[in-house]
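**Student:** The following block contains the structure, expressed as structure tokens.
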Amino acid sequence: MTEQDQTDQSASPAAHVAAANLAEPSRQRDPWDYPRHWIADVLASDGGVVHLRPIVPDDADRVVRFHGGLSERTRYMRYFGPTPTLPPRELARMTTVDYQKRVALVAVLGGDIIAIGLYEGLGFDGKPESAEVAFVVADDHQGRGLGPILLEHLAGAAAENGFTRFEAEVLSENPNMVAVFRDAGYQLSRNFDGSTVHVEFLIDPTEALLSVRNARERASEARSVANLLRPSSVAVIGASTDPKKVGNALLANIIAGGFTGPVFPVNGPGPEEPEADSDADALAPGHGHTRRSGRQHAHPRPPSVRGIRAYPTVRAVPDPVDLAVVAVPAAVVDDVLDDCLVKGVRTLVVVSSGFGESGAAGLQSERRLVEQAREHGMRLVGPNALGVANNSASIALNATLAPRIPAAGRVGFFCQSGALGIAILDTAARRQIGLSTFVSAGNRADVSGNDLLQYWDSDTDTDVVLLYLESFGNPRKFSRIARRVSRSKPIVAVKSGKGAMTAARAERSSAASLDDRIAQMVLEQAGVIQVHTISELFDCATLFAYQPLPRGPRTRIIGNSSVLGSLAGDTARGGGLTVTDTIDLGAGASEDEFESAVTDAMRDPAVDAVIVVFVPPVAVDADWHARALMAAANTPDADGPKPIVTTFLAVEGIPPGLMKPGHNGLPANGSIPSYGSPERAANALVRAWQYARWRQRPEPEIHRPDGTDPEGARMFVREAMGDDADAEATRAFGPVESATLLRSYGIDVVPFAEVSTMHEAAAAAERFGFPVAVKATSATWRGRLDREGARLDLPDATAVITAFSELSQLTGDEVLHVQKMAPKGIGTMIRVRDDRSFGSLISFGLSGRTFELLGDHGYRATPLTPLDAEELIDEPRSAPLLAGYAGEPPVDRSALTDLLVRISTLVDDIPEVREVHCDPILASPDGAAVLNALIRIGPVPTRADTGPRRLA
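Residue numbers for the sequence shown follow the working numbering, beginning at 139 and rising by one.
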């Protein structure tokens, strides 16, 4: 067996373990009442989809069929013996579990079980925190990485049920099984006993485990997109002889694009073909809804479409089919999916409209479509998609409805809107921006921008990534992936808002109300260049595709117009560039003068980038200017590579004279981009410098602070949630519980006590030592600008008793706080809360309603690195107050940084912590003192990027 084959075999719990656990009492639970969040669609290593869910008693027949299909070798590796059939007792035990001390998960494809994993608690053996794990994979599906996936999900379920350790018995003749656990990042302990090896390991997530999980996720998602963009064959389902129909246009574009593999038109079983005004004529995305007259006229099914033999169904195609492009009405999609499963199709592109974008009923149809596609093991692009394209010479795929796509290049493009995608492709072609690959995901029901980022990360044909996003499907994951991809390839994104979507899509979109300022901060944190218009998107793309990044901000402007040079300079300075010189050569500058000026800039070590402004005073042949600029740009003794941008006769893109042709005659690296105005040229250079500066930062590592107790904190939260973990409601911790949880992460709230009588107040003050403060606890009185809700610097017990009496009468609070006085400082606040668009967002700013009203806070996505925390502190406009404003001493920034990282680590470790609000935090030269903290806990809103791998 190969190593991967071995990973899909596991040891079995010994017979005495099973017998003992049978006798072990456990809380009775309905055998169909399993945690619904354990259901997951996962990607195998080959990019195919597999459905994972807990086992139920109704699976008995499926388990029998599954077991009967296993080879003798596989049964031996799983059961340590022949075991040709499962005894009824074993079958009943396997399919009836309590989902606590015994858990079994099944991997299902097309309704059939293809893998089973289980764990059984070892409490009978005096090991209440340990469980024995085992799994087995059908022979036909070994080598797809299903064993490690089952292990991940079993570990997640076991951790939820309080287990901390897995054990396994492995045959000595199967050493690669041990490698499965080790390669997953677990620290193993092993004992040899003749024919078996006993393995034990902790299942708590570690950095090593997360690293392995993310690497496997990256590989499988990239492979799934490769199945989409690099198919060896394509079927067009819904192909028609009518040129007005979508299926005909798709087939025509695939043929005209020169696809290198076979193309199979599929035009229905016949003998009837719907009329042009029936639902089969799905309109192009964004061009209205499908008419549904339902009238049909009988006529023979055409034997060919566009001269290619047609087939009644995809299963009738005699050769393999990798990609199916679907242009059929929703009513027959179920039949299409069944045929595609039988045929082994890997990916679907659905261009038909009338799904989620059309209203609630369409949204339900769309959800069923995704569910069925995944159950059949397929990824889905769409519905309502424009299509996909791959310009690689070895593929040459244009499976889109666009009449024109750009030539081959080094830019990958993802968008959602189909109608907008046509305009985008046309604009890219006009501006000579060559594309490597293009995906229009339409409603983005399955394949998303995250999947494409995973693919482009390792795609050698792509150097620049462009995104037009209407929403973020899995924002936490997007941020994580983008940080990695941006280290080697620029990502330029247009983030549209609610107005870009239909009402139905905006209502269900997680990003419909996203604040643009927050979005920009979070995208910048991940190294993404956010722009606001399609024009800016292509301005940046042209520079990134053909010019090097600037190594610094020092910019020289050269031109023949002082006014245009001044406009470029103002824009450059406003964006953070340093304009070292503005050289005006005059309206009558010659070719030699231009070449000499630009050459000097390329040689000058004090210049990092060049803006060349050229507008001829009269209508002349400007070839001489282009020759001069290209000659200077290629100066052999230049001081390293430097970007050059120009306004060449106000031409957009790559003018012929500024093109450096590649092997295919298209613009290649070294071509000089031209812009319609000096401001746009300078803006593109500003974006390039901002991105270059981000890349020059040391690559941050997630830092785990010392003195944390994640397991203790996790247990504290679980006990507080009780048996309501599946409920939707959240629960607010009180000040004492909040302080207790924060203490698990090394965060000490300034000592306080809750008191309800004058005597308790005086006793607490004596305990803390004077001076102290007495504070109201109701939200109405906390944080008031007039500070009427607190009495500070109380020197003795008498003052405390007086303050208690006054505040009790003033506020009506039955419980007040007595707190030790903290060092004087500047009030700041830290808050973490769920954002519908970006998951957990952490914000920082100065404390008080004035700063809250002005929105003067900075935002970052979690988890934070120390560098992220430092930048977050500087984000608010009021941040200079912390740096020693007006002669005041600067605060201890390191203390604030440490506090931010600790809070970020807390919410990252325990996703049930839905909100943390520390306000105020007194920042002083001596540290940062947390005076008040409130925490809210609740069920994890989404597990798409927490815990085991799964599709969103």
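Ideal Cβ placement from N, Cα and C applies to all residues, glycine included.
For Ser209, count neighbouring Cβ atoms within 10 angstroms of its own Cβ and tell me buried if that reaches 16, exposed if not.
**Tutor:** With fewer than 16 other Cβ atoms within 10 Å, it is exposed.
**Student:** Spatial neighbours of Arg356 within its chain, please: CB distance less than 6 angstroms, with the 5 preceding and 5 following residues excluded, ordered by chain position.
**Tutor:** Result list for Arg356: Gln592, in chain order.
**Student:** If we ignore side chains and look at the alpha-carbon of each, how far apart do Glu1009 and Ile667 end up?
**Tutor:** So the two alpha carbons sit approximately 17 angstroms from each other.
**Student:** Looking at the structure shown, is Asp719 part of a helix, part of a strand, or coil, going by DSSP?
**Tutor:** The answer is strand: DSSP assigns Asp719 an E or B state.
**Student:** Closest to Val308 by CA distance: which of Ile1041, His336, Asn299 is it?
**Tutor:** Taking only the C-alpha atoms, the option nearest Val308 is His336.
**Student:** Can you tell which of Ala1017, Leu284, Leu1038 has its C-alpha closest to the C-alpha of Val1029?
**Tutor:** Cα-wise, what sits closest to Val1029 is Ala1017.
**Student:** Buried or exposed for Arg925, please, with buried defined as at least 16 other CB atoms from any protein chain shown within 10 angstroms of its CB.
**Tutor:** Looking at its Cβ environment, which holds fewer than 16 other Cβ atoms inside 10 Å, Arg925 is exposed.
**Student:** Report the partner residues of Val480 according to the DSSP bridge assignment.
**Tutor:** Per DSSP, none; premise fails for Val480.
**Student:** Which two residues bound the contiguous alpha helix (DSSP H) that contains Met232?
**Tutor:** Its alpha helix (DSSP H) spans residues 226 to 233.
**Student:** If you follow the alpha helix (DSSP H) that Ser1091 is part of, which residue opens it and which one closes it?
**Tutor:** Given that the chain is displayed from residue 139 to residue 1090, the structure contains no residue 1091 and the question cannot be resolved.
**Student:** Per DSSP, which one or two residues make a beta bridge with Leu984?
**Tutor:** Looking at the DSSP assignment, Leu984 forms a beta bridge with Thr966.
**Student:** Going by alpha carbons, who is nearest to Ser673 out of Leu563, Asp730, Gly665?
**Tutor:** Ranking the options by Cα distance to Ser673, first place goes to Leu563.
**Student:** Report buried or exposed for His841, applying the criterion of at least 16 other Cβ atoms within 10 angstroms of its Cβ.
**Tutor:** With 16 or more Cβ atoms within 10 Å of its Cβ, His841 is classed as buried.
**Student:** Using the C-alpha atoms, what's the distance from Pro169 back to Pro1077?
**Tutor:** Whole-angstrom Cα-Cα distance: 22 angstroms.
**Student:** What are the complete alpha helix (DSSP H) segments, minimum 4 residues, inside the segment 241 to 280?
**Tutor:** Complete alpha helix (DSSP H) runs here, min 4: none at all.
**Student:** Can you name the residues that DSSP bridges to Gln502?
**Tutor:** The partner list for Gln502 (beta bridge, DSSP) is empty, contrary to what the question assumes.
**Student:** Around the Cβ of Lys780, are there at least 16 other Cβ atoms within 10 angstroms (buried) or fewer (exposed)?
**Tutor:** It is buried - the Cβ of Lys780 has at least 16 other Cβ atoms within 10 Å.
**Student:** So what does DSSP say about Thr212, is it helix, strand or coil?
**Tutor:** Three-state DSSP puts Thr212 in a helix.
**Student:** In its own chain, which residues sit with a C-beta less than 7 angstroms from the C-beta of Gly707, not counting the 5 before and 5 after it?
**Tutor:** Around Gly707: Ile695, Val717, Thr720.
**Student:** Report, in whole angstroms, the separation of the C-beta atoms of Arg1088 and Asp184, which I expect to be a contact under 8 angstroms.
**Tutor:** The Cβ separation is near 17 angstroms, so there is no contact.
**Student:** Specify whether the segment 700 to 715 and the segment 736 to 743 touch according to this definition: at least 3 beta carbon pairs, one from each stretch, less than 8 angstroms apart.
**Tutor:** Result no; under three Cβ-Cβ pairs closer than 8 angstroms.
**Student:** Should Glu1050 be labelled buried (16 or more other beta-carbon atoms within 10 Å of its own) or exposed?
**Tutor:** Buried, because 16 or more other Cβ atoms sit within 10 Å of the Cβ of Glu1050.
**Student:** Rounded to whole angstroms, what's the CA-CA distance from Leu945 to Gly927? Just pull it up for me.
**Tutor:** Those two C-alpha atoms are separated by around 7 angstroms.
**Student:** Relative to the C-alpha of Val201, which residue among Val623, Glu904, Trp827, Thr234 is closest?
**Tutor:** Taking only the C-alpha atoms, the option nearest Val201 is Thr234.
**Student:** Counting only the same chain and skipping the five closest in sequence on each side, list residues whose C-beta sits under 7 angstroms from that of Thr915.
**Tutor:** Answer for Thr915: Asp951, Val953, Leu954, His955, listed in chain order.
**Student:** Who are the near neighbours of Met797 in its chain, counting only those whose CB is closer than 7 angstroms to its CB and skipping five residues on each side?
**Tutor:** The residues are Pro805, Ser809.
**Student:** Express the C-alpha separation of Glu790 and Pro438 in angstroms, rounding to a whole number.
**Tutor:** Approximately 51 angstroms, taken between the alpha carbons.
**Student:** Got a sec? Which residues, its chain only, sit under 6 angstroms from Ser855 by beta carbon, not counting five neighbours each side?
**Tutor:** For clarity, residue 855 is Val in the given sequence; the question names Ser instead. Ile1048, Glu1050, Ile1075, listed in sequence order.
**Student:** Let me confirm a value: Asn536 is counted as buried when at least 16 other C-beta atoms fall within 10 Å, else exposed. Which label applies?
**Tutor:** Under this definition Asn536 is a buried residue.
**Student:** What separation, rounded to the nearest whole angstrom, lies between the Cα atoms of Ser442 and Thr379?
**Tutor:** Cα to Cα, the separation comes out at about 8 angstroms.
**Student:** Does DSSP put Tyr1023 in a helix, a strand or coil?
**Tutor:** Tyr1023: helix per DSSP, three-state reduction.
**Student:** Flag this pair as yes or no: are the beta carbons of Val630 and Leu604 separated by less than 8 angstroms?
**Tutor:** Yes, the Cβ-Cβ distance between Val630 and Leu604 is below 8 angstroms.
**Student:** Select from Leu475, Ile533, Val660 the residue whose C-alpha is nearest the C-alpha of Ala511.
**Tutor:** It is Leu475 whose Cα lies nearest to the Cα of Ala511.
**Student:** Can you tell me whether Glu411 is helix, strand or coil according to DSSP?
**Tutor:** Reliability fails at Glu411, whose pLDDT of 41 lies under 50, so the model's placement of it is uncertain and the value that follows must be treated cautiously. In the structure shown, Glu411 sits in a strand (DSSP, three-state: E or B).
**Student:** Look at the Cβ atom of Phe339, then the Cβ atom of Phe319, and state whether they are nearer than 8 angstroms.
**Tutor:** Yes, the pair counts as a contact, with Cβ atoms nearer than the cut-off.
**Student:** Give the straight-line distance between the Cα atoms of Val669 and Asp994, rounded to the nearest whole angstrom.
**Tutor:** Each residue's Cα considered, the two are about 22 angstroms apart.
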